[in-house]
Each structure stands twice: as structure tokens, then as C-alpha cells.
Amino acid sequence: MAVAPALELAGSARDAVGLGHAQRAANLAGRLRFREAGRPPPGFPVVVLDDVVTTGATAAACVHALAAEGIAVEAVLTLLVAG
Numbered sequence: 015m016a017v018a019p020a021l022e023l024a025g026s027a028r029d030a031v032g033l034g035h036a037q038r039a040a041n042l043a044g045r046l047r048f049r050e051a052g053r054p055p056p057g058f059p060v061v062v063l064d065d066v067v068t069t070g071a072t073a074a075a076c077v078h079a080l081a082a083e084g085i086a087v088e089a090v091l092t093l094l095v096a097g
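For reference, each letter of the sequence shown is one residue, going 15 to 97 in our numbering.
Here's what the structure looks like:
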């Protein structure tokens, strides 16, 4: 197992507290950037780790950003679920 910081938040995203799913998705649109230095080796299973799921918008944005780079995500793990 290895940690690969493949994504970074570029630009300014506002605090997502109180935002709904669509607002959270819009808040992240175009702000997640792929970091080539974090690219996993070919065939390496990729799992996205999110600290808390409120609407799922952040996890979905991460999966989408990785897919755009040809990286398949096998699972999304979260530490907490809000609500």
C-alpha cells in the first residue's frame, strides 16, 4: 500500500458548509488538478479517501478527475458520514 497525493485543490473554493450537492459540485468544478507526481503505477489499485461524506460531491469530483487521467478508482473510503 502507498499514498499517492494525485489530486490537489487549485484556486479558491469556498467553504462547503451548508452547500447542497449541486452547489458543492459547482464549487469544485475546475478546481481539482491532477498531480503527475502522484500517478499510481500501472495496475496499482486506486482508492480515494475522503474525510467526510455530506453529499458525495467531493468523492464524485475526485473519481471524475482521476478518470479523466485514465485512472480507474476501485473504491471510495470515508472516515465519517455527515447527517
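Glycine is no exception: its CB is placed at the ideal position from the N, C-alpha and C atoms.
Item	Value
Just checking, does the segment 64-84 make contact with the segment 36-51 on the three C-beta pairs under 8 Å criterion?	yes
Please confirm whether ALA20 and ILE85 have their CB atoms less than 9 Å apart.	yes
Ignore the nearest five residues each way along the sequence and tell me which others in ARG38's own chain have a CB closer than 6 Å to its CB.	ALA30, THR69 and ALA71
Does DSSP put VAL77 in a helix, a strand or coil?	helix
Output the distance between the C-alpha atoms of PRO59 and GLY34, rounded to the nearest integer angstrom.	31 Å
Could you pull out every unbroken beta strand (DSSP E) segment of at least 3 residues lying fully inside the segment 32-87, listed in chain order?	46-48 and 61-67
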